[in-house]
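Down below is the structure, laid out as structure tokens.
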Amino acid sequence: MTAEHNIRLAAARLPALLMLATITAASAETSTATTEAWGFLRPQLYGDRQIDIADQAAVSLEAPATTPDPSATPLTIRFGEAAIGHIKQLRVIIDNNPSPLASTFDFAGAARVAEIGLRVRIDRWTSVRVIAETTDGQLEMRSAWINAAGGCSAPPTGGGGNGALGDIRFRNTPDGKSLQVAIRHPNNSGFQIDPLSGNPIPAHFISHIRFSAKGQTLMEVDAGISLSENPTIRIASDATLPEPVSIEVTDSQDAHFNASWHGPATGSETISDAAVGNR
Amino acid sequence: MIRSRLACAIIALGAGTIVPANASPKSATGPQDFTLEQIAPGVFVHFGRPLPLDAPGHDDIANIGFIVGDRCVAVIDTGGSVRIGRALHAALTGRTRKPVCYVVNTHVHVDHLLGDLAFKDGHASFIGHSALPAAIVRSRLYFLTQYAADLDQPPSAEQIVVPDRTVTQTLELDLGHRLLRLHAWPTAHTDCDLTVLDEKTGTLWTGDLLFRERLPALDGDLGGWLNSIEELAREPVKRAVPGHGPLATDLAAALQPERRYLRALREDVQREFDGGESLQEAIDHAAQSEKSHWLLWDSTHPRNVTRLYQQLEWQ
Numbered sequence: 001m002t003a004e005h006n007i008r009l010a011a012a013r014l015p016a017l018l019m020l021a022t023i024t025a026a027s028a029e030t031s032t033a034t035t036e037a038w039g040f041l042r043p044q045l046y047g048d049r050q051i052d053i054a055d056q057a058a059v060s061l062e063a064p065a066t067t068p069d070p071s072a073t074p075l076t077i078r079f080g081e082a083a084i085g086h087i088k089q090l091r092v093i094i095d096n097n098p099s100p101l102a103s104t105f106d107f108a109g110a111a112r113v114a115e116i117g118l119r120v121r122i123d124r125w126t127s128v129r130v131i132a133e134t135t136d137g138q139l140e141m142r143s144a145w146i147n148a149a150g151g152c153s154a155p156p157t158g159g160g161g162n163g164a165l166g167d168i169r170f171r172n173t174p175d176g177k178s179l180q181v182a183i184r185h186p187n188n189s190g191f192q193i194d195p196l197s198g199n200p201i202p203a204h205f206i207s208h209i210r211f212s213a214k215g216q217t218l219m220e221v222d223a224g225i226s227l228s229e230n231p232t233i234r235i236a237s238d239a240t241l242p243e244p245v246s247i248e249v250t251d252s253q254d255a256h257f258n259a260s261w262h263g264p265a266t267g268s269e270t271i272s273d274a275a276v277g278n279r
Numbered sequence: 001m002i003r004s005r006l007a008c009a010i011i012a013l014g015a016g017t018i019v020p021a022n023a024s025p026k027s028a029t030g031p032q033d034f035t036l037e038q039i040a041p042g043v044f045v046h047f048g049r050p051l052p053l054d055a056p057g058h059d060d061i062a063n064i065g066f067i068v069g070d071r072c073v074a075v076i077d078t079g080g081s082v083r084i085g086r087a088l089h090a091a092l093t094g095r096t097r098k099p100v101c102y103v104v105n106t107h108v109h110v111d112h113l114l115g116d117l118a119f120k121d122g123h124a125s126f127i128g129h130s131a132l133p134a135a136i137v138r139s140r141l142y143f144l145t146q147y148a149a150d151l152d153q154p155p156s157a158e159q160i161v162v163p164d165r166t167v168t169q170t171l172e173l174d175l176g177h178r179l180l181r182l183h184a185w186p187t188a189h190t191d192c193d194l195t196v197l198d199e200k201t202g203t204l205w206t207g208d209l210l211f212r213e214r215l216p217a218l219d220g221d222l223g224g225w226l227n228s229i230e231e232l233a234r235e236p237v238k239r240a241v242p243g244h245g246p247l248a249t250d251l252a253a254a255l256q257p258e259r260r261y262l263r264a265l266r267e268d269v270q271r272e273f274d275g276g277e278s279l280q281e282a283i284d285h286a287a288q289s290e291k292s293h294w295l296l297w298d299s300t301h302p303r304n305v306t307r308l309y310q311q312l313e314w315q
């Protein structure tokens, strides 16, 4: 179990504390958001290291002020030209969620990642912050407020359509620079109730995703219950992504799902061993 | 913020006289300005207000009302809170001494059914689509947590009434020389849409299969909804009570803006999706030409796009 897992679990054990967290207004000079939850998390994640407010041109966060869907709120993080290739790690933190550390992206040295997109659960009105660590060890933060209610306890939708647990679907833009990966998985938060039986649904979530391009690791993602049902992650580069892109997914029950993307020419022909992926 | 502007917006009510609810002792618990309009002989409608679901007054956004027969009364939707349900009940008892024998819910959304409790007297039968009981059970916890203030305190699951009678295809209700035809639809706006036709006056209650002025909210299946619009447009009715917005005297014409929006939504989200654009880009770009035609665009359109986009991902 990683340190981040420990922090996530520690935070999950303190819902009362987090529920009581009151939100203080953003400081006008820095446009940072401060919440009690963040005051609790910050030393655990970053100690007393300095965290700068990122120049919008270097790191930006796009998030809806009021989410269209609390259980599937789109977040887009973009890196400016100067930052591409110089980001070591990106953390996405949703202060007032029961498990605030939504995900950690660790980028391989040469990864030229220009954009990361993900969909998250937002439990209630919160500050969302993204913190990028540069290859020379600087911490750069952007944040946004999102108004929402009930994203963690929203009942499972089943997602509609087709797909078995662990099915992985890829979709790219015609220029080959961005790729969206969608994983069929309930990603149960542990705060949902089975509407029929009235019983709590145990947490069951995707815990890790490794992205590789042409056999080289591109990024590793530690994730948790804040990702939406059927988690989707979008990655964009400033250049065409080398093929094949391989995805290795592990969930909290230690099931493994893998798939590969062989490019637009054979785009629909993804090889997924999800059906046999369970252990 | 759009909300404050809409709070001041005036609803264009349909033809007819607006009559304040009779001042019975019960109306003291309801809003003072609860209006009731007789849109056809024996057909009474309270027109909801164009507010978002998270604004004060959000419990009074749906069109609700009742139809009076020789024997008894059928209530069609009850509003978004027990308070609104009681206001409707008070308005009803000011209009007729006949008992309520049926309470029909057109679908599972809070703004149409949280007032049901006000009519639960042991006599009235609660009627809905055959998929409504499951939909209520599925959503009940969410209603209890997100709409707790709209129920009696303390909120409890029992306050959300599950129908005792359901409609698989069609059902006729006799109010005494007055026949209502209930029709259960395949998944469209939701998976439990029910329409009510009052044969005597040719009045169709469409539930949320028809939105007017307020942007249609998709919680079911877009293709199914467009199909039901085609069918509804052929109904030879004299007037239609939409789920939201003013009375329609030409149903086919009233369905046109909704059909136009839903088609644009379908085409544009599909195009964004096929082009590999992200959900956020689809939200930003899809059906923008429709924006100026509708109320509550900012709170409803992004959700419609999100829902549709996610459906496409697993088609």
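As you go down the protein sequences, you meet chains U and D in turn.
For the first sequence, position 125 matches number 125 in this note's numbering, and the numbering has no gaps at all.
For the second sequence, position 128 matches number 128 in this note's numbering, and the numbering has no gaps at all.
Backbone N, C-alpha and C define an ideal beta-carbon position, used for all residues, glycine too.
From the DSSP output, in three-state form, read off residue i for me.
i      : result
U:D167 : coil
U:R112 : coil
U:V276 : Interpretation of U:V276 is limited by its pLDDT of 40, a score under 50 that renders its predicted location unreliable; no figure is taken from the coordinates.
U:P200 : strand
U:H262 : coil
D:Q288 : helix
U:F257 : strand
D:V237 : coil
D:L179 : strand
U:I92  : The amino acid at residue 92 of chain U is misidentified as Ile; the sequence shows Val. Correct three-state label for U:V92: strand.
D:F119 : helix
D:R142 : Here residue 142 of chain D is Tyr; the residue named in the question, Arg, does not match the sequence. The answer is helix: DSSP assigns D:Y142 an H, G or I state.
D:A364 : One cannot answer for residue 364 of chain D here, as it falls past the ends of chain D, which runs 1 to 315.
U:E62  : strand
U:F205 : coil
U:F191 : coil
D:P242 : strand
U:I51  : coil
U:D69  : coil
D:V108 : coil
U:I77  : strand
D:H189 : coil
U:E133 : strand
U:I122 : coil
U:L227 : strand
Pick out whichever of the options has its Cα sitting closest to the Cα of residue i.
i      : options                        : result
D:A184 : D:P302, D:G128, D:A55, D:A87   : D:G128
D:P163 : D:E37, D:V196, D:V103, D:L215  : D:V103
D:A91  : D:N105, D:T106, D:C101, D:V75  : D:V75
D:D121 : D:E272, D:Y309, D:C101, D:E199 : D:C101
U:G198 : D:G220, D:I160, D:T249, D:L141 : D:L141
D:R263 : D:H109, D:G275, D:A287, D:V110 : D:A287
U:V245 : U:T232, U:W261, U:N230, U:F257 : U:W261
U:N97  : U:R129, U:R169, U:D175         : U:R129
D:A233 : D:L209, D:G80, D:L88, D:H123   : D:L209
What is the residue span of the beta strand (DSSP E) that residue i lies within?
i      : result
D:L162 : The residue you asked about is not Leu; residue 162 of chain D is Val in the sequence shown. From DSSP, D:V162 is part of no beta strand (DSSP E); its letter is neither H nor E.
U:Q180 : 178–183
D:G65  : 64–68
U:P98  : Neither: U:P98 is in no beta strand (DSSP E) and is coded neither H nor E.
D:L36  : 35–40
U:A223 : 216–223
D:F44  : 43–46
U:G39  : Where U:G39 is concerned, there is no enclosing beta strand (DSSP E), although the alpha helix (DSSP H) it sits in stretches over 36–46.
D:A253 : Careful: D:A253 lies outside any beta strand (DSSP E), inside the alpha helix (DSSP H) at 251–274.
U:N322 : Residue numbering for chain U in the displayed model covers 1 to 279; residue 322 of chain U lies beyond these limits and cannot be assessed.
Which residues mark the beginning and the end of the alpha helix (DSSP H) in which residue i is found?
i      : result
D:V73  : Taken as a continuous stretch (DSSP letters only), D:V73 belongs to no alpha helix (DSSP H), being part of the beta strand (DSSP E) at 73–76.
D:E230 : 222–233
D:S299 : 297–313
U:I84  : Note, U:I84: premise wrong, no alpha helix (DSSP H); not H, not E.
D:H89  : 82–93
D:L194 : It is not in any alpha helix (DSSP H) - D:L194 instead sits in the beta strand (DSSP E) that spans 194–198.
(message) What are the residues in the stretch 164–175 of chain U lying within 9 Å of chain D by C-beta distance?
(response) D167, R169, R171, N172, T173, P174, D175
(message) Across the stretch 186–197 of chain D and the stretch 149–156 of chain D, are there enough close Cβ pairs to call them in contact, namely three or more that are closer than 8 Å?
(response) no
(request) Identify each residue in the stretch 276–295 of chain D for which the Cβ-Cβ distance to at least one residue of chain U is less than 8 Å, and report them in chain order. (result) G276, E277, S278, L279, Q280, I283
(message) To be precise: take each residue of the stretch 190–203 of chain U, compare its Cβ to all Cβ atoms of chain D, and keep it if any distance is under 7 Å. Which residues remain?
(response) Flagged, chain order: I193, P195, L196.
(message) Counting beta carbon pairs with one atom in the stretch 174–183 of chain D and one in the stretch 107–120 of chain D, are three or more of them shorter than 8 Å?
(response) No, they do not touch.
(request) Please name the residues in the stretch 138–155 of chain D whose beta-carbon is closer than 9 Å to at least one beta-carbon of chain U, in chain order. (result) R138, S139, R140, L141, Y142, T145, Q146
(message) So if I threshold CB-CB distances at 8 Å, which residues from the stretch 112–138 of chain U count as touching chain D?
(response) G117, R119
(request) Assess, as a yes-or-no matter, whether the stretch 34–44 of chain U is touched by the stretch 268–280 of chain D under the definition of 3 or more beta carbon pairs within less than 8 Å. (result) Pairwise C-beta distances place the stretch 268–280 of chain D out of contact with the stretch 34–44 of chain U, as fewer than three of them are shorter than 8 Å.
(request) Indicate whether the contact test is met: 3 or more Cβ pairs, each with one atom in the stretch 130–149 of chain U and one in the stretch 161–168 of chain U, closer than 8 Å. (result) Taking 8 Å as the limit for Cβ pairs, the verdict is that the stretch 161–168 of chain U does not touch the stretch 130–149 of chain U.
(message) Does the contact criterion of 3 or more C-beta pairs under 8 Å hold for the stretch 221–228 of chain D versus the stretch 256–271 of chain D?
(response) yes
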